[in-house]
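See structure below.
There are 2 protein chains.
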Amino acid sequence: MEPIANPAITDPAGFRAGAVHAGIKRDGRSLDLCIVASDRPAAAAGVFTRNKVRAAPVVLSEERLRSGRCQALVVNAGNANCCTGERGMADARRMTELTAERLGLLVGDVAVGSTGVIGVHLPMEKVERGIGQIEPRPGAGHDAARAIMTTDTRPKEAGVRLGIGAHTVTIAGIAKGSGMIHPNMATMLAFVATDAALSPSFLRRALGEAVERSFNQMTVDGDTSTNDTLIALANGAAGNPPLELGAADGRAFVEALTAVAADLARQIARDGEGATKFIEMVVEGALSEADARLAAKAVVGSSLVKTAVYGADPNWGRVLCALGYSGADVDEHKVDLRIGDVWLMRAGQIQSFDRAAGVAALRGPDVRIWANLNLGNARATAWGCDLTEGYVEINGKYTT
Amino acid sequence: MEPIANPAITDPAGFRAGAVHAGIKRDGRSLDLCIVASDRPAAAAGVFTRNKVRAAPVVLSEERLRSGRCQALVVNAGNANCCTGERGMADARRMTELTAERLGLLVGDVAVGSTGVIGVHLPMEKVERGIGQIEPRPGAGHDAARAIMTTDTRPKEAGVRLGIGAHTVTIAGIAKGSGMIHPNMATMLAFVATDAALSPSFLRRALGEAVERSFNQMTVDGDTSTNDTLIALANGAAGNPPLELGAADGRAFVEALTAVAADLARQIARDGEGATKFIEMVVEGALSEADARLAAKAVVGSSLVKTAVYGADPNWGRVLCALGYSGADVDEHKVDLRIGDVWLMRAGQIQSFDRAAGVAALRGPDVRIWANLNLGNARATAWGCDLTEGYVEINGKYTT
Chain A
1 MEPIANPAIT DPAGFRAGAV HAGIKRDGRS LDLCIVASDR PAAAAGVFTR NKVRAAPVVL
61 SEERLRSGRC QALVVNAGNA NCCTGERGMA DARRMTELTA ERLGLLVGDV AVGSTGVIGV
121 HLPMEKVERG IGQIEPRPGA GHDAARAIMT TDTRPKEAGV RLGIGAHTVT IAGIAKGSGM
181 IHPNMATMLA FVATDAALSP SFLRRALGEA VERSFNQMTV DGDTSTNDTL IALANGAAGN
241 PPLELGAADG RAFVEALTAV AADLARQIAR DGEGATKFIE MVVEGALSEA DARLAAKAVV
301 GSSLVKTAVY GADPNWGRVL CALGYSGADV DEHKVDLRIG DVWLMRAGQI QSFDRAAGVA
361 ALRGPDVRIW ANLNLGNARA TAWGCDLTEG YVEINGKYTT
Chain B
1 MEPIANPAIT DPAGFRAGAV HAGIKRDGRS LDLCIVASDR PAAAAGVFTR NKVRAAPVVL
61 SEERLRSGRC QALVVNAGNA NCCTGERGMA DARRMTELTA ERLGLLVGDV AVGSTGVIGV
121 HLPMEKVERG IGQIEPRPGA GHDAARAIMT TDTRPKEAGV RLGIGAHTVT IAGIAKGSGM
181 IHPNMATMLA FVATDAALSP SFLRRALGEA VERSFNQMTV DGDTSTNDTL IALANGAAGN
241 PPLELGAADG RAFVEALTAV AADLARQIAR DGEGATKFIE MVVEGALSEA DARLAAKAVV
301 GSSLVKTAVY GADPNWGRVL CALGYSGADV DEHKVDLRIG DVWLMRAGQI QSFDRAAGVA
361 ALRGPDVRIW ANLNLGNARA TAWGCDLTEG YVEINGKYTT
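In the order they appear, the protein sequences are chains A and B. Throughout the first sequence, residue numbering follows our numbering, covering 1 to 400 in sequence. Throughout the second sequence, residue numbering follows our numbering, covering 1 to 400 in sequence.
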């Protein structure tokens with residue numbers, strides 16, 4: 001597997017994308033509506049929010065993906081089409097119909113995503129006009145990455161290539177953050193395209209596994225969105241013999257898919273609303289991988305850890321506190337703890353440390369915290385960002 | 001039941017308190033060490049943090065309260081005596097020994113609480129000198145309320161009187177916030193004294209019930225502390241016939257105890273770190289009281305709701321989103337939602353509302369949000385505060 005420089009969701013063979021400014025965002029210029037399409041029907045799988053309040057596009061796309069097949073995605077930013085009742089469902093359906101007409105596809109082969117403000121109806125005349133203007137092209141993946149942004153400061157794109165026998169398979173994805181980010185079985189919006197040949201059931205399982213080790217290990221603010229959507233399309237254009245779960249090639253594909261998803265997840269964390277620093281928490285020595293995940297995620301989710309990182313304050317007791325309430329088995333008398341290269345605790349014993357070195361380990365844009373629970377052999381990583389005045393400012397004024 | 005004006009923990013008959021500046025806090029003047037004592041052994045019960053990392057005073061006090069009896073509490077602020085290993089346990093034990101010696105009590109009848117920075121050993125020579133200087137007096141309850149403060153901007157005290165037959169029973173308590181506040185079966189530090197006569201088992205059950213409807217429904221920042229401690233002492237000095245759970249008097253006492261605990265919980269929420277506004281969330285029409293509690297607490301715990309309240313932004317979709325991920329049964333097609341007097345949703349239908357009125361409902365220091373899930377008959381309330389730049393500032397610089 002090798003990473004792609006400047007990746008785009010149209011890098012896999014047979015994918016096109018296009019985007020326009022339809023006027024859903026109020027700034028009068030940003031791209032806010034896009035289509036990503038395959039030139040042939042693709043195996044498809046999706047993972048959606050576990051929030052009980054589910055936006056109309058989530059409900060509709062989940063329904064559509066039950067067939068295991070999809071050919072195009074239409075996505076808007078600036079309006080979540082959530083808490084919009086029957087009319088919201090009709091609007092979501094209409095978006096897929098317009099896209100199917102535009103591209104000459106079956107409406108059942110189109111899925112839809114929306115992100116933005118909750119509780120406001122979509123401006124459908126703008127959406128309709130916008131879809132009519134989109135011209136999907138093979139090289140336009142970067143536009144789609146831009147069109148799904150809300151408070152993101154930069155687009156998120158990731159991609160890898162891997163050899164499957166004599167064939168080269170490409171996997172590429174896009175995602176958007178950057179608030180209401182605390183995915184539970186999915187992230188806010190992320191789309192992955194690949195030209196690998198595989199079955200829908202393979203893709204479903206591969207995606208589920210990738211999500212657990214990527215989007216679900218990342219948090220910005222602890223709020224699980226109503227619109228979390230991750231959809232993967234695999235159109236088989238690479239021509240490889242279909243992948244199988246048990247086989248080495250299948251395993252390699254799952255690893256590559258996880259790498260793309262984790263790359264996108266890290267980009268979302270790094271661009272969290274108001275964030276100035278990226279935080280990576282590694283937990284080792286947990287009793288189970290589930291415990292390791294819980295523990296790592298609690299640390300990057302703690303407001304007190306996040307503010308301490310922001311202030312470059314090596315107040316490491318907050319890390320221990322978060323490990324303790326994470327739900328994972330933790331015995332503080334056994335814990336090893338390090339921030340960067342600075343040891344703070346060994347086997348539960350407080351280590352005297354050079355305060356200046358502790359501050360330095362928290363000063364840079366990338367902060368790495370590591371704990372060994374010394375209870376078992378499981379390991380997990382989680383990603384987050386610091387909590388700053390900028391987050392408060394952005395979110396005190398979102399709809400105004 | 002009637003509230004006491006300017007209540008103090010020494011209002012119930014037979015209780016004394018005293019406090020000194022021992023030098024554990026670094027400001028060189030604030031009270032930081034106190035004793036609250038009964039003139040006779042009291043029935044006692046405690047509720048402690050569910051964090052798996054538990055401070056030494058939590059471990060020791062829980063052990064001591066197993067007897068159902070306690071006569072004095074010694075509490076310090078400025079140092080949590082947490083993650084301090086064997087030496088921390090010895091220090092906690094020593095605090096109770098010094099207090100027992102000072103007051104002529106059995107060491108087993110003394111409990112201890114600590115709050116402040118984690119991972120630093122207590123300065124025991126200062127603690128020892130301080131305990132030697134404390135002179136508990138009947139009227140000095142306000143000093144104890146001040147001595148347990150950390151980042152609190154004001155002391156938290158509450159009290160009520162109620163008639164039990166011909167006798168008047170007094171219940172009074174103190175508490176401290178104001179960060180790392182997301183109690184799970186207890187709050188950071190709170191102590192309640194009463195002169196009611198009752199058994200330890202009655203007190204244990206009454207306290208458990210009161211906590212569920214008070215401290216456990218309040219959050220400041222989602223971080224469950226390592227030191228959460230709530231201890232209640234009942235010394236029987238009121239002379240009433242012992243209370244019983246089934247009887248009307250017993251029920252009245254539980255209600256009064258809950259009122260004192262809820263008053264303290266609201267004071268903690270109102271004085272949350274950096275808070276400018278108090279938020280009360282009422283959920284009605286839930287399928288169960290547990291669901292109602294989950295739903296209400298998720299809303300006041302949401303960073304996005306908290307920042308929207310701070311910015312007086314009626315972005316009510318965030319409330320719906322939090323109800324949806326709370327874990328409670330929620331059907332957004334049935335929800336009624338109001339902020340102050342402004343209706344935002346009725347039976348799941350978006351209500352057009354006057355934006356200026358929506359902003360006005362969020363402008364004052366007290367914000368009230370109300371939702372009816374229209375699924376059942378259960379109801380609960382939760383309390384919290386807004387999330388501001390002040391929280392970030394306070395917590396970016398705590399140990400420095």
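Every residue gets a Cβ at the ideal spot worked out from N, C-alpha and C, and that includes glycine. Everything numeric in this text was worked out from a predicted model, so none of it was measured.
For residue i, three-class secondary structure by DSSP
{"i": "arginine 338/B", "result": "strand"}
{"i": "alanine 186/B", "result": "Annotation note: pLDDT 42 at alanine 186/B (below 50); position unreliable, coordinate value reported separately. Reduced to three states, the DSSP call for alanine 186/B is coil."}
{"i": "cysteine 70/A", "result": "strand"}
{"i": "proline 3/B", "result": "strand"}
{"i": "serine 114/A", "result": "strand"}
{"i": "threonine 400/B", "result": "At threonine 400/B the pLDDT is 43, less than 50, meaning the model places this residue with poor confidence; the figure from the coordinates comes in the next sentence. Three-state DSSP puts threonine 400/B in coil, outside helix and strand."}
{"i": "phenylalanine 353/B", "result": "coil"}
{"i": "alanine 80/B", "result": "coil"}
{"i": "arginine 26/B", "result": "coil"}
{"i": "glycine 384/B", "result": "strand"}
{"i": "alanine 13/A", "result": "coil"}
{"i": "threonine 170/B", "result": "strand"}
{"i": "glycine 18/B", "result": "strand"}
{"i": "alanine 8/B", "result": "coil"}
{"i": "alanine 269/A", "result": "helix"}
{"i": "alanine 412/B", "result": "Any property of residue 412/B remains undetermined from this structure, which presents chain B solely from 1 to 400."}
{"i": "valine 75/A", "result": "strand"}
{"i": "leucine 344/B", "result": "strand"}
{"i": "arginine 137/B", "result": "strand"}
{"i": "valine 359/B", "result": "helix"}
{"i": "valine 392/B", "result": "helix"}
{"i": "leucine 106/B", "result": "coil"}
{"i": "histidine 121/B", "result": "coil"}
Alpha carbon of residue i to alpha carbon of residue j, nearest angstrom
{"i": "arginine 94/B", "j": "glutamate 128/B", "result": "9 Å"}
{"i": "aspartate 32/B", "j": "valine 392/A", "result": "32 Å"}
{"i": "valine 260/A", "j": "alanine 206/A", "result": "12 Å"}
{"i": "histidine 21/B", "j": "glycine 130/B", "result": "7 Å"}
{"i": "valine 112/A", "j": "glutamate 62/A", "result": "9 Å"}
{"i": "serine 352/B", "j": "aspartate 313/B", "result": "15 Å"}
{"i": "glycine 179/A", "j": "lysine 52/A", "result": "19 Å"}
{"i": "serine 214/A", "j": "alanine 80/B", "result": "35 Å"}
{"i": "valine 305/B", "j": "proline 57/A", "result": "23 Å"}
{"i": "asparagine 374/B", "j": "threonine 153/A", "result": "40 Å"}
{"i": "glycine 272/A", "j": "methionine 218/A", "result": "10 Å"}
{"i": "glutamate 284/B", "j": "valine 160/B", "result": "27 Å"}
{"i": "serine 114/A", "j": "lysine 25/A", "result": "12 Å"}
{"i": "threonine 187/B", "j": "asparagine 216/B", "result": "With a pLDDT of only 48 at threonine 187/B, under the threshold of 50, the placement of this residue in the model should not be trusted; the figure read from the coordinates follows. Roughly 7 Å separates the two Cα atoms."}
{"i": "glycine 78/A", "j": "leucine 122/A", "result": "9 Å"}
{"i": "threonine 226/A", "j": "threonine 49/A", "result": "6 Å"}
Neighbour list for residue i in chain D, Cβ cutoff strictly below 9 Å
{"i": "aspartate 223/B", "result": "The structure shown contains no chain D; the protein chains it does contain are A and B."}
Residue i, enclosing alpha helix (DSSP H) - first and last residue
{"i": "valine 47/A", "result": "Valine 47/A -> not in any alpha helix (DSSP H); beta strand (DSSP E) instead, spanning 33-48."}
{"i": "methionine 281/B", "result": "Note, methionine 281/B: premise wrong, no alpha helix (DSSP H); beta strand (DSSP E) at 278-286."}
{"i": "arginine 54/B", "result": "Counting along the chain, arginine 54/B falls outside any alpha helix (DSSP H), and DSSP gives it neither H nor E."}
{"i": "aspartate 366/A", "result": "Segment 366-372 is the beta strand (DSSP E) holding aspartate 366/A; no alpha helix (DSSP H) there."}
{"i": "valine 300/A", "result": "289-301"}
{"i": "alanine 128/A", "result": "Going by the sequence as given, residue 128/A is glutamate instead of alanine. First-last of the alpha helix (DSSP H) with glutamate 128/A: 124-133."}
{"i": "leucine 323/A", "result": "317-325"}
{"i": "aspartate 91/A", "result": "85-103"}
8 Å contact criterion, which residue i and residue j should meet: CB distance rounded
{"i": "asparagine 235/B", "j": "arginine 40/B", "result": "6 Å"}
{"i": "alanine 401/A", "j": "glycine 396/B", "result": "Outside the displayed range of chain A (1 to 400) lies residue 401/A, so it cannot be described from this structure."}
{"i": "alanine 44/A", "j": "proline 242/A", "result": "15 Å between Cβ atoms; not a contact."}
{"i": "glycine 311/B", "j": "isoleucine 339/B", "result": "Wrong, their Cβ atoms sit about 13 Å apart, outside the cutoff."}
{"i": "glycine 88/A", "j": "leucine 65/A", "result": "With a Cβ gap of about 19 Å, glycine 88/A and leucine 65/A do not count as contacting."}
{"i": "glycine 348/A", "j": "lysine 334/A", "result": "5 Å"}
Unbroken beta strand (DSSP E) run spanning residue i, endpoints
{"i": "valine 160/A", "result": "156-164"}
Counting only runs of 4+ residues fully inside the stretch 174-247 of chain A, write out the alpha helix (DSSP H) ranges in chain order.
200-212
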